[in-house]
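Protein chains in written order, with my numbering: chain A, 1 to 794; chain B, 795 to 955.
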């Protein structure tokens, strides 16, 4: 595949094999701050004695009309500064669709929705006064189930849907609860099913999940007396937040240059801190108490029910297949429970719809991915962005098909696995892919085909296998930029605005700049951004920043290098083409004896014989936008356009031991093989595999979100919503890296952060089927569910 | 207004005296009134362990303790485990192995690991898992942390009982 046009970074470095920094496990640049307690998160920042605290008044109903809000009692409490409700902010906002409000207007649409806020001198006073705000409701019948919401007579959750502003690639259906309908049609389904020997049909369901970052959301807003709005936030999206704040608060006369977002370290994101959710409250409330900073910190319970949740899905699928295992057709109907507001979640539905075949070569495809409003908390981005959800059903179903055809599930997958150049669902071509190699290596590592037996007769053993893929879901013009500036000692500051959320982004950017400029990582500082100082970045989501921001940093480093060569050749008369950078010096291929330390001139320049100077401070810039991408396609088929910049693919395998009485699963070994192109930092990548896999295993083995019949989340805490502890991890997690370079990625890298949790659910489901002969078609597959299924069979 | 009481305790080897309300939480006092920020608040109900501090040699979730209870005690937070301004050998191991990601759980996790290694200088894998079970981490999948503690204890993969 030729390097993509437009944004591609082509440079002789791509051919360089003996990297100094790239491909090495450099120690994290933020490591010392994090192991010493020096790292500051939102709640560690000090704002002085003027800091105010906001407490939110929440809806107790899933669906109701607000009749009256009486704030008079709360306002009388000593220490209360202001009580604010929807009437102060009658503005809609959102990332991809403007369907969300700062505070509820005439209706509340989920339990926990913000109706009003009390701003007070202390958190305790705010809390006490919030209980005194009286809200009268007309309670309405909530719509809590996705299929019920699709009925013709279902109450409309957003009657004004047709008026909402949205991106051009969304297709809402007016007078329905369908906020977006992504339709994919490729080939001819009649032919596809006609040429099949068998058609297998089934339905799989995946419930909602919570991100469970250990740090909850928090934001502090300050609207000063010059009408400048600064927001400090635990954020994956500083620039997008600035943009959305400026858009939402434009009626108050606030413009982009007046808004500044400062993002300290983030205590876990996983998608939850992308876009704008609760942060809008800090921004809006600040404007009501000019001159005073106001803090909004989410409690653990609020973190569960009023940020974003991973959306639930009901997946109905039909697969046509020949006797020899060739897949001829796939039909997927994905009905997503997207919740009360879908300004972000609708794009999850969109992305999943475009890719719901999984990494398979299927000539005839029909996919309906339907975004449905319900009266549950807003759905939104969660590591995997819809792929974990459809891969559970798809990979479970394909495993069943292999078994029914008496084919080996791994051979069956190998036969149909997508390869470079194959036609994608929307018509584009598949990028370089080591999928076949990933499948073979994962199978070999788990000793596929070799049956393990437990010495304990109470235990059954089994193995499971699944493939995965994912592409970044982003607007086609999502861009990254970077500034580079040198210091007097030749050390370097890299200014970027993508976020360090734990993945090691800052370190990898230092590695990229260091590789180009011949500077060790220890001499490079990269920090979390301030939108006033750091250049533009869309958001830290979609597993795309190593690729996208990495390209911008690399271009900036090349820009710096060219300035350096320019100065040296101009001042010292050196042949420009002979110059190169190594060991923090400029060297020459022609003159081995020549060496000029960067520290000797990158700020002060080079002095000439007459005492004048050449050069000066080196300040460089880089920008990357994928100019080849387009989200415009035929709404009836999704053909045309190039919505996805690349897919990262892989395979995963697991060995389990299940207790036949308790249903408890133990995992001796799990393997994940992935091709994310050139591995830039093996330690950090391994960290993504280990952490992502355990997070994925948790969704299938432990986490179990429960709502009451009235739509209230019943287990919004870590006692009742179980995430794994150190006791719950597999005995062994093996990472395998296959490296087929991404032509337009920095040093050949492509994204990987989300992918490692995507196959976790189906490998467990398939291993349980292998061990017990029971196919569980809905998640989670907790010990209780396994034990009950075993009882049912008896 | 409830009567405030003056309490004294050692914090990271320094004697501190402060007036506290009877209902004031220890985590709140440390973070908001004394300015020690390494203990974090992740759940405020003793589930997550990010607020872990050491009181008289034992790790405790400071969100479940009243400030008034530490009168006369010896307290250590992550700020107090450094060696003359430098990170200690266990921290160095965590740093070299790139074990933490977002770092939010690190202060509590390091204190729990320190206590575990004092109790079991050469721990088995199970002992490490048990010793860290009270500290939730959502990023790492625990494995790199467990492995680093085992290596610090002298046995890669875990010592035998």
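Idealized CB from N, CA, C, for every residue including glycine.
What are the residues of the segment 659-674 of chain A that lie near chain B, defined by any Cβ-Cβ distance shorter than 7 Å?
none
Mind pulling the chain B residues with CB within less than 8 Å of residue 299(A)?
838
Does any residue of chain B bring its CB to less than 8 Å from the CB of residue 35(A)?
yes
In three-state terms, what does DSSP make of residue 606(A)?
Assignment of residue 606(A) by DSSP, reduced to helix, strand and coil, places it in the strand class.
Below 7 Å on C-beta distance, what does residue 803(B) contact in chain A?
Counting only Cβ-Cβ distances below 7 Å, residue 803(B) has no contacts in chain A at all, with the closest Cβ about 19 Å away.
Residue range of the alpha helix (DSSP H) that residue 744(A) falls in?
From DSSP, residue 744(A) is part of no alpha helix (DSSP H); its letter is neither H nor E.
Could you name the residues of the segment 928-943 of chain B whose beta carbon sits closer than 8 Å to any beta carbon of chain A, in the order they occur along the chain?
928, 929, 930, 931, 932, 933, 934, 935, 936, 937, 938, 939, 940
Output the distance between the C-alpha atoms of residue 347(A) and residue 547(A), rounded to the nearest integer angstrom.
21 Å
Between residue 959(B) and residue 847(B), what straight-line distance do the alpha-carbon atoms span, to the nearest angstrom?
No information on residue 959(B) is available, as it lies outside the stretch 795 to 955 that chain B covers here.
If you follow the beta strand (DSSP E) that residue 218(A) is in, where does it begin and where does it stop?
Its beta strand (DSSP E) spans residues 218-223.
Take residue 516(A) and list the residues in its own chain whose beta-carbon comes closer than 7 Å to its own, dropping the five residues that flank it on each side.
13, 554, 557, 558, 561
So, is residue 607(A) buried or exposed, given that buried needs 16 or more other C-beta atoms within 10 angstroms?
It counts as exposed.
Please name the residue or residues paired with residue 52(A) in a DSSP beta bridge.
294(A)
Using the beta-carbon of each residue, which ones in chain B are nearer than 9 Å to residue 43(A)?
825, 831, 834, 835
Helix, strand or coil for residue 623(A), going by three-state DSSP, please let me know.
Reduced to three states, the DSSP call for residue 623(A) is strand.
Pull up the DSSP beta-bridge partners for residue 673(A), would you.
651(A), 736(A)
Does the segment 158-167 of chain A touch the segment 191-206 of chain A, meaning 3 or more C-beta pairs lie closer than 8 Å?
no
Which same chain residues end up closer than 7 Å to residue 867(B) when comparing Cβ atoms and leaving out the 5 residues on each side of it in sequence?
803, 849, 850
Is the Cβ-Cβ distance between residue 177(A) and residue 199(A) less than 8 Å?
Residue 177(A) is not a Cβ neighbour of residue 199(A), given a cutoff of 8 Å.
Would the beta-carbon of residue 22(A) fall within 8 Å of that of residue 505(A)?
no
Determine, using beta carbons only, whether residue 881(B) comes closer than 8 Å to chain A.
True, the Cβ-Cβ gap to chain A drops below 8 Å.
Which residues does DSSP pair with residue 822(B) in a beta bridge?
Per DSSP, residue 822(B) has no beta-bridge partner at all.
Go ahead and label residue 225(A) buried or exposed: buried means 16 or more other beta carbons lie within 10 angstroms of its beta carbon, across all protein chains shown.
exposed
For residue 483(A) versus residue 492(A), is the C-beta distance shorter than 8 Å?
Cβ distance not < 8 Å, so residue 483(A) and residue 492(A) don't count as in contact.
Does chain A have any CB closer than 8 Å to the CB of residue 972(B)?
Outside the modelled stretch of chain B, which goes from 795 to 955, sits residue 972(B), for which no answer is possible.
Return the chain-ordered ranges of every alpha helix (DSSP H) run that is complete within the segment 330-363 of chain A and spans a minimum of 4 residues.
Taking only runs of at least 4 residues, the alpha helix (DSSP H) segments lying wholly in the segment 330-363 of chain A are 345-355.
If distances are taken between C-alpha atoms only, which option among 423(A), 630(A), 233(A) comes closest to residue 44(A)?
233(A)
Which of helix, strand or coil does DSSP assign to residue 4(A)?
In this predicted model, residue 4(A) has a pLDDT of only 36, less than 50, meaning its place in the structure is not dependable; the value taken from the coordinates is given anyway. The answer is coil: DSSP assigns residue 4(A) none of H, G, I, E or B.
So residue 256(A) is in the beta strand (DSSP E); what residue range does that whole segment cover?
No beta strand (DSSP E) holds residue 256(A); DSSP gives it neither H nor E.
Buried or exposed: which applies to residue 770(A), given that a residue is buried once 16 or more other Cβ atoms fall within 10 Å of its Cβ?
Flag for residue 770(A) reads buried.
When you compare each of 615(A), 172(A), 619(A), 109(A) to residue 374(A) by their alpha carbons, which one comes out closest?
109(A)
List, in order along the chain, the chain A residues whose C-beta lies closer than 9 Å to that of residue 870(B)?
The premise fails here: residue 870(B) is roughly 12 Å from chain A at the closest Cβ pair, so nothing lies under 9 Å.
If contact means a Cβ-Cβ distance below 9 Å, which residues of the segment 185-216 of chain A contact chain B?
Flagged, chain order: 211, 212, 213, 214, 215, 216.
Which two residues bound the contiguous beta strand (DSSP E) that contains residue 551(A)?
Where residue 551(A) is concerned, there is no enclosing beta strand (DSSP E), although the alpha helix (DSSP H) it sits in stretches over 545-572.
I want to verify the contact list: residues of chain B whose CB lies under 9 Å from the CB of residue 810(A), in sequence order.
Residue 810(A) cannot be examined here, being either before or after the span of chain A that is shown, 1 to 794.
Which word fits residue 260(A), buried or exposed, when buried means at least 16 other C-beta atoms lie within 10 angstroms of its C-beta?
buried
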